[in-house]
Amino acid sequence: MKNKFEQINKENKALLATNFYNFETLKGVLTAAQEKNSSIILQLTKSSIDYLGLDNAVAMAKSGLKSFGVKGWIHLDHGPNIELVEACLKAGFDSVMYDGSELSLEQNIENTRKVVSLAAQYNVNVEAELGYIAKLGQAKNKVAYTSAKDAKLFVDETGVNTLAVAIGTAHGFYKKTPKLDFNRLKEIKDAVNIPLVLHGGSGVPVEDVRMAIKNGICKVNVATEIKNIFMQTLKKLLSETEEIDLRKVFPPATNAVKELVKGKLDMVSIV
Ligand code: 13P
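Quick look at the structure:
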């Protein structure tokens, strides 16, 4: 993962990182990557790990990558504490995010530094977040933009490999189209020159995502749209049928995820 990021950082490219929640959403994502012949990052949050079980989640993702013939990596999204990061490292993740964005800069630096040294033993990529990107369900104005000066200090002090930056996105759906601060992004990239991560990818216009990639974003996270299209498709279908064979009911929802993710793969690959 670290090598891949180094390479795409030089080439001004980005990887799509999609969250999955169950076998059906994983299958949708993997089928999209397979049909597009694309690499992909498979993300799990703490809630998904709690839901699926850590070992099951990793086994499912690994065997899925293998059986679909997709080059991909397993990433911990928004790791809330060092204990979970360590469990994911032991379970075979390729990449981990430690999210200390709600802490003070000093505390975020201290904790992230610990994670970086722990992950070094596994040669695993570490992502951190600096500034604050509103989480799902939080007011979109709960945002603290990342400053280039803090980013430089943070990267120098922690040795983190990839950095999630707050430049105007938020997790979940937007009430109005977000306005990304590309000047800020450029300043951050000039200051740190490591792969940067765009969280809150759902609902960001394609042109903005591409502009962000041109200016230093190497990983684009998409989650909400996946959950949404899966559930909307399922709900519609269930309202129209008495079918109880879940093997017949889930495939259209999985297929909707596939089509969505294919579009997202196009979005990040044409730069
Ligand atoms: P969305 O849920 O807004 O797509 O954000 C995904 C994300 O950034 C995961 O960390």
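Each number in the numbering used here comes from the position in the sequence shown (counting from 1) with 81 added on.
A virtual CB, placed ideally from N, CA and C, is assigned to each residue, including glycine.
Being a predicted model, the structure only gives us computed values, none of them experimental.
Per the contact definition of three or more C-beta pairs closer than 8 Å, is the segment 200–219 in contact with the segment 240–256?
yes
Between the Cα of alanine 225 and those of Val205, Gln219, Gly249 and Glu191, spot the shortest distance and give me the residue it belongs to.
The residue among Val205, Gln219, Gly249 and Glu191 with its C-alpha nearest the C-alpha of alanine 225 is Gly249.
Of the choices Gln313, Lys343, Leu346 and Glu323, whose alpha-carbon is the least far from that of proline 333?
Gln313
Alanine 306 CB to nearest heavy atom of the ligand 13P below 7 Å
The residue you asked about is not alanine; residue 306 is glutamate in the sequence shown. Yes, since a heavy atom of the ligand 13P falls inside the 7 Å radius drawn around the Cβ of glutamate 306.
Can you give me the C-alpha to C-alpha distance between serine 119 and tyrosine 179, rounded to a whole angstrom?
26 Å
Can you give me the C-alpha to C-alpha distance between lysine 147 and isoleucine 307, rounded to a whole angstrom?
22 Å
Among Lys343, Asn189, Ile325 and Pro276, which has the Cα closest to the Cα of lysine 91?
Pro276
Would you identify the three-state DSSP class for threonine 335, choosing helix, strand or coil?
helix
Leaving out five residues before and five after glycine 253 in sequence, what residues of the same chain have Cβ atoms less than 6 Å from its Cβ?
Leu217 and Thr305
Flag asparagine 302 as yes when its Cβ comes closer than 7 Å to any non-hydrogen atom of the ligand 13P, and as no otherwise.
yes
Return yes when at least one heavy atom of the ligand 13P lies under 7 Å from the C-beta of serine 283, else no.
yes
Report back the beta-carbon spacing between methionine 141 and leucine 170 to the nearest angstrom; my notes put them in contact at under 8 Å.
The pair is not a contact, with the Cβ atoms about 18 Å apart (cut-off 8 Å).
Residue ranges of each beta strand (DSSP E) within the segment 116–149, 3 or longer
121–125
At a cut-off of 7 Å, is asparagine 309 close to the ligand 13P when judged by its beta-carbon and the heavy atoms of the ligand?
It does not: the Cβ of asparagine 309 is nowhere closer than 7 Å to a heavy atom of the ligand 13P.
Closer than 7 Å: aspartate 158 CB and nearest the ligand 13P heavy atom
For the ligand 13P, at least one heavy atom lies less than 7 Å from the Cβ of aspartate 158.
With which residues is methionine 178 paired in a DSSP beta bridge?
Answer by DSSP bridge pairing, in chain order: Glu208.
Tell me, please, whether the segment 254–267 touches the segment 281–293 by the rule of three or more beta-carbon pairs shorter than 8 Å.
Counting C-beta pairs closer than 8 Å gives three or more between the segment 254–267 and the segment 281–293, which meets the contact rule.
Inter-residue spacing [alpha-carbon to alpha-carbon] between cysteine 299 and arginine 328
36 Å
According to DSSP, is valine 352 part of a helix, a strand, or is it coil?
With a pLDDT of only 47 at valine 352, under the threshold of 50, the placement of this residue in the model should not be trusted; the figure read from the coordinates follows. Note: valine 352 maps to coil in three-state DSSP.
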